[in-house]
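J.: Residues 560 to 1194 (my numbering) are what the sequence shown spells out, left to right. Sharing a structure, written as structure tokens. Questions coming.
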Amino acid sequence: MLSYFPDPYPDEILYSVFSRYHVRSGNLSPTVTARELFGTKRPSLSMFMPQRIDNLIGNILKGSMYTAEDLIFANTMYPFYTAFLNYERVLKILEGMKGSNNMNECQMAGINSQPCNHDFLRFCPSCVKDDLKMFGETYWHRLHQVSGVFLCPVHNEMLLDSKVFIRSAYRDFYPADKSVCSIYKHSLNFNSNTFEQLLNLARDIEWIFKNHTKLHYFHGAANKYMIGLIKKGFTTTTGNIKRRKLHSNFLDLYSNGFLKLIGSEIEISSESWITKILTENINGHPVRHLLLIRYLYGSCDAFFESNHEHKPFGEGPWPCLNKISDHYLAPLIKTVGIHAKPGNRHITGVFECKFCGFTYSRYDYGRDLEKEQFRIGHINNYGSFWENKLRQCLERECFSVSKTAKVLKAAEKTVIKYAKKLGISLNYNYSESKQYKVKPQGNMQKNDLDRFQKTKNCREKWLELQENNKSANRSSLNRMDHATFSWLYYNDRDWLEQNSPPPWYNKSTSNSANWDHRDNELLETVKKAVDVIMHSPDKPEKVTLFSVYKKSGYPTLLKYRSNLEKLPKTKVFLIPYLNDDNEFYQRRIKWAAKSLYEQGKTVTVDKVYVTAGVLSKRSSELDEIIKKEIAGIHE
């Protein structure tokens, strides 16, 4: 039980609260702090979607007003990343953050696929001053860490990078104090248009955080997207989206520089993330939803608060189109269900008669509404009245299927389908009566004669093919003459089964393998793969069995380490590379120092460690290597 826990500040990310606790508790090790907070030494320190929140609440002093939901909604990225997900996924992510299971919430919410990434925790200089004045200390603001936010919407200022590398924050606690928040002049300069668009995006994200309880989730957004497209004239009369026009007008509002900056650029002539959100079952990153919302509705507030109804099927009531009812064509349907799904480019109207249960649907094609109201696109349900009439015809009156279909004004297949559904036995086997019967050869029509002759010719070809290739199995014969095999398979399958070799491959008479030959061949392949890894101009990669497996074209023998015992030459060559970690760290360090220098950044020992990703392996030996590398760069 914790004797003290800091009260979260407004818009403070939960990671910042943990960092303040770490400093005030006097703990030197983040492991100790993690154990005190969560009861485990390996918690999720993710600043985006931390887990085990229930454990944290259980450890806070009794009498506290905090709940797991309070902290998740007010101090994590949960409201932002779940704003446009369906309700089931939202609940799963919430339960995963509260609990201690190993579910990957980041992947579920799409955090791993950010349109643009920030490498460091960020802060606003004016917010730092205000926080010091109001609270006596600074903290990490949640809004400032969102991917796509470059400006502080409170002070209209550029956010600055701190000295805390985001990946480092997953392993330790770094409070937002003066040692990591150095105020400096930003090197980025935006024109007035891009600055205004970045500010609007930051304000929209801020609105999401403040109004998460008003969100309708993705299933509600889909309908509003379609309504917005219709009102702006981006749909055809058949309900299709005018993609080129939509893309062109979208680029008129958002500059290319702005879209590239936030990783959401589009091309007019190709598929884009816009059409994938609108026409496919793809959630998309929240930033991209916000861009689309501002384009269609002007602001988040207008989008979520708007109650404007689109009436593609006109004003009700609408007629019941059950042809066998006594109220046929009577305007008894008072409401219509409107559906617009991402996978469907049309708006669908569902009409249900409350008196007979007859339900039908049709698309909005934008044609004459007076004529369209008497058209059925698809019958969803015939209703209880129609089904009772079906039962009466087949069971009481003993009508045939054909006569029943005429009485119910439906197709014979529909009568059979509903009879099976309702458990009604038919008077005769309808399916057998409708089977195609082979006519005697003397009465065959031309098409039947052609089919008969082709089957006969294919039989002869198949037998001849087997005679000429006695050792071939069925698969081999299929590859030799696929056309003959296909014809017999679809038109004369019983004969084909009786006159073909077994469908499996013939087993080899010898199970022995020439491992010496395989070893020699694989050795050359492995040498080339290792050379590619060692001399790659990109970020250095460690030589592992899997990396060699990928670079060498996925040879099966390298898939499992146990195979190396059968490949002595390859093993002797490869083992030194697999076990030499220091060589890998040195390559990473050289690359990191050179990369920082080329980017115009100050090259320090700490920055090299962070950029190289080997901070956890820090040692005096590596310190000396880095210092020599830095000295060599500046010579």
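Where a beta carbon is used, it is the ideal one built from N, C-alpha and C, also for glycine.
Please report the residue range of the alpha helix (DSSP H) in which Arg853 lies.
T.: Against the sequence shown, residue 853 aligns to sequence position 294. Run containing Arg853: 845-856, per the alpha helix (DSSP H) assignment.
J.: Round the Cβ separation of Asp736 and Cys859 to the nearest angstrom and send it over; I've been treating them as touching at under 8 Å.
T.: One-based indexing of the sequence shown puts residue 736 at position 177. One-based indexing of the sequence shown puts residue 859 at position 300. That belief does not hold up - the Cβ atoms of Asp736 and Cys859 are roughly 34 Å apart, past 8 Å.
J.: Count the other CB atoms, across all protein chains shown, that sit within 10 Å of the CB of Lys1029; report buried if there are 16 or more and exposed otherwise.
T.: Your numbering for residue 1029 matches position 470 in the sequence shown. Its Cβ having fewer than 16 others within 10 Å, Lys1029 is exposed.
J.: Which ranges would you report for the alpha helix (DSSP H) in the segment 788-831 if only whole runs of at least 4 residues count?
T.: With a minimum length of 4 residues, the continuous alpha helix (DSSP H) runs that stay inside the segment 788-831 are 802-812, 815-820.
J.: Return helix, strand or coil for Cys711, following the three-state DSSP convention.
T.: Here the question's residue 711 lines up with position 152 in the sequence shown. Three-state DSSP puts Cys711 in a strand.
J.: If you draw a straight line from the C-alpha of Ala1190 to the C-alpha of Ser1154, how long is it?
T.: In the sequence shown, residue 1190 corresponds to position 631, counting from 1. In the sequence shown, residue 1154 corresponds to position 595, counting from 1. Looking at the two C-alpha atoms, the distance is approximately 15 Å.
J.: Check whether the segment 724-731 touches the segment 740-751, counting contact only when three or more Cβ pairs, one atom from each stretch, lie closer than 8 Å.
T.: Verdict: no, contact absent.
J.: For the putative contact between Val1085 and Phe1132, defined by C-beta atoms under 8 Å, what is the C-beta separation to the nearest angstrom?
T.: As a working mapping, residue 1085 is identified with position 526 in the sequence shown. As a working mapping, residue 1132 is identified with position 573 in the sequence shown. That pair is a contact at about 7 Å.
J.: Leaving out the 5 sequence neighbours to the left and right, which residues in its chain are closer than 6 Å to Phe910 when beta-carbon positions are compared?
T.: As a position in the sequence shown, residue 910 is number 351, starting the count at 1. Excluding sequence neighbours, Phe910 sits near Trp877, Ile892, Val895, Tyr919.
J.: What do you get for Tyr580, buried or exposed, if any count of 16 or more other CB atoms within 10 angstroms of its CB means buried?
T.: Within the sequence shown, the letter at position 21 stands for residue 580. Classification for Tyr580: buried.
J.: Indicate whether Ile1196 and Ala627 have their beta-carbon atoms separated by less than 7 Å.
T.: Lying outside 560 to 1194, the shown extent of the chain, residue 1196 is not represented and no answer is given.
J.: Measuring CB to CB, does Trp699 end up less than 7 Å from Leu718?
T.: Looking up residue 699 in the sequence shown gives position 140. Looking up residue 718 in the sequence shown gives position 159. Cβ atoms of Trp699 and Leu718: not closer than 7 Å.
J.: Leaving aside the five residues before and after Tyr568 along the sequence, list all residues of the same chain whose C-beta is less than 7 Å from its C-beta, in chain order.
T.: The sequence position of residue 568 within the sequence shown is 9, counting from 1. Same-chain partners within the cutoff: Phe694, Tyr698.
J.: With 16 as the cutoff for other CB atoms within 10 Å, does Gly655 come out buried or exposed?
T.: By 1-based counting over the sequence shown, the position of residue 655 is 96. Buried, by the Cβ-count rule.
J.: Which value, in whole angstroms, describes the spacing of the CA atoms of Ile742 and Phe793?
T.: The residue given as residue 742 occupies position 183 in the sequence shown. The residue given as residue 793 occupies position 234 in the sequence shown. Rounded to whole angstroms, Ile742 to Phe793 spans 46 Å at the Cα level.
J.: For Val582 and Pro684, I'd like the C-alpha separation in whole angstroms.
T.: As a position in the sequence shown, residue 582 is number 23, starting the count at 1. As a position in the sequence shown, residue 684 is number 125, starting the count at 1. The alpha-carbon atoms of Val582 and Pro684 are separated by roughly 22 Å.
J.: Give the straight-line distance between the Cα atoms of Ser1034 and Trp1021, rounded to the nearest whole angstrom.
T.: Against the sequence shown, residue 1034 aligns to sequence position 475. Against the sequence shown, residue 1021 aligns to sequence position 462. If I take the Cα positions, the gap works out to 13 Å.
J.: Residues in the same chain with beta-carbon distance under 7 Å from Phe862, minus the five sequence neighbours each way, listed in chain order, please.
T.: Along the sequence shown, one-based indexing puts residue 862 at 303. Hits under 7 Å: Lys783, Ile852, Tyr856.
J.: Can you look up His745 in the DSSP assignment and give me helix, strand or coil?
T.: Translated into positions along the sequence shown, residue 745 becomes position 186. Coil.
J.: Keeping to the same chain, check which residues put their C-beta closer than 8 Å to that of Pro1114; ignore five residues upstream and five downstream.
T.: Taking the sequence shown and counting its residues from 1, the one referred to as residue 1114 is at position 555. Around Pro1114: Leu1081, Thr1084, Tyr1108.
J.: Is the beta carbon of Trp1150 closer than 7 Å to that of Pro1096?
T.: As a working mapping, residue 1096 is identified with position 537 in the sequence shown. As a working mapping, residue 1150 is identified with position 591 in the sequence shown. It is not a contact, given that the beta carbons lie outside the stated cut-off.
J.: Report back the beta-carbon spacing between Met606 and Tyr637 to the nearest angstrom; my notes put them in contact at under 8 Å.
T.: Sequence index remark: in the sequence shown, residue 606 carries index 47 (1-based). Sequence index remark: in the sequence shown, residue 637 carries index 78 (1-based). Not confirmed; about 12 Å, so no contact.
J.: Specify, as a first and last residue, the run of the alpha helix (DSSP H) that Lys1166 falls within.
T.: On the sequence shown, residue 1166 is found 607 positions in, with the first residue counted as 1. Segment 1164-1171, the alpha helix (DSSP H) holding Lys1166.
J.: Since Trp945 and Phe917 should fall inside the 8 Å C-beta cutoff, what is the C-beta to C-beta distance between them, to a whole number of angstroms?
T.: Position 386 of the sequence shown, counted from the first residue, corresponds to residue 945. Position 358 of the sequence shown, counted from the first residue, corresponds to residue 917. Between Phe917 and Trp945 the Cβ distance is about 7 Å, and since that is below 8 Å, they are a contact.
J.: So Ser721 is in the beta strand (DSSP E); what residue range does that whole segment cover?
T.: The residue labelled residue 721 in the question sits at position 162 within the sequence shown. Looking at the DSSP string, the run of the beta strand (DSSP E) that includes Ser721 is 719-724.
J.: Contact check, Ile1134 vs Glu1188 under 8 Å by CB: the rounded distance?
T.: Looking up residue 1134 in the sequence shown gives position 575. Looking up residue 1188 in the sequence shown gives position 629. Ile1134 to Glu1188, Cβ: 28 Å. No contact.
J.: According to DSSP, is Gly655 part of a helix, a strand, or is it coil?
T.: The residue given as residue 655 occupies position 96 in the sequence shown. Here Gly655 sits in helix by DSSP.
J.: I need the straight-line Cα distance from Thr592 to Tyr563, nearest angstrom please.
T.: Within the sequence shown, numbered from 1, the residue matching residue 592 stands at position 33. Within the sequence shown, numbered from 1, the residue matching residue 563 stands at position 4. Cα to Cα, Thr592 sits roughly 12 Å from Tyr563.
J.: Taking just the CA atoms, how far does Glu1056 sit from Ser992?
T.: In the sequence shown, residue 992 corresponds to position 433, counting from 1. In the sequence shown, residue 1056 corresponds to position 497, counting from 1. Unreliable placement is indicated for Ser992, whose pLDDT of 39 sits below 50; the coordinate value is still reported in the next sentence. About 28 Å.
J.: With respect to the beta strand (DSSP E) encompassing Tyr922, which residues constitute its N-terminal and C-terminal limits?
T.: Taking the sequence shown and counting its residues from 1, one reaches residue 922 at position 363. It spans 918-922 - the beta strand (DSSP E) in which Tyr922 sits, taken as one unbroken run.
J.: State the start and end residues of the unbroken beta strand (DSSP E) segment that holds Leu680.
T.: Walking along the sequence shown from the start, residue 680 turns up at place 121. Segment 679-682, the beta strand (DSSP E) holding Leu680.
J.: I think Leu650 touches Ile631, with their Cβ atoms under 8 Å apart; what is that distance to the nearest whole Å?
T.: The residue you call residue 650 lines up with position 91 of the sequence shown. The residue you call residue 631 lines up with position 72 of the sequence shown. About 12 Å; that fails the 8 Å criterion.
J.: Thr907 bridges to which residues according to DSSP?
T.: Here residue 907 is taken as the residue at index 348 of the sequence shown, counted from 1. Bridge partners of Thr907: His898, Tyr922.
J.: Which first and last residues belong to the beta strand (DSSP E) in which Ile938 is found?
T.: By 1-based counting over the sequence shown, the position of residue 938 is 379. Its beta strand (DSSP E) spans residues 937-940.
J.: Based on the DSSP secondary-structure assignment, which residues constitute the bridge partners of Glu971?
T.: Stepping through the sequence shown from its first residue, residue 971 is reached at position 412. Note: Glu971 sits in no beta bridge, so no partner.
J.: Kindly indicate the opening and closing residues of the beta strand (DSSP E) around Ile892.
T.: Locating residue 892 in the sequence shown gives position 333, counting from the first residue. Ile892 -> beta strand (DSSP E) spans 890-892.
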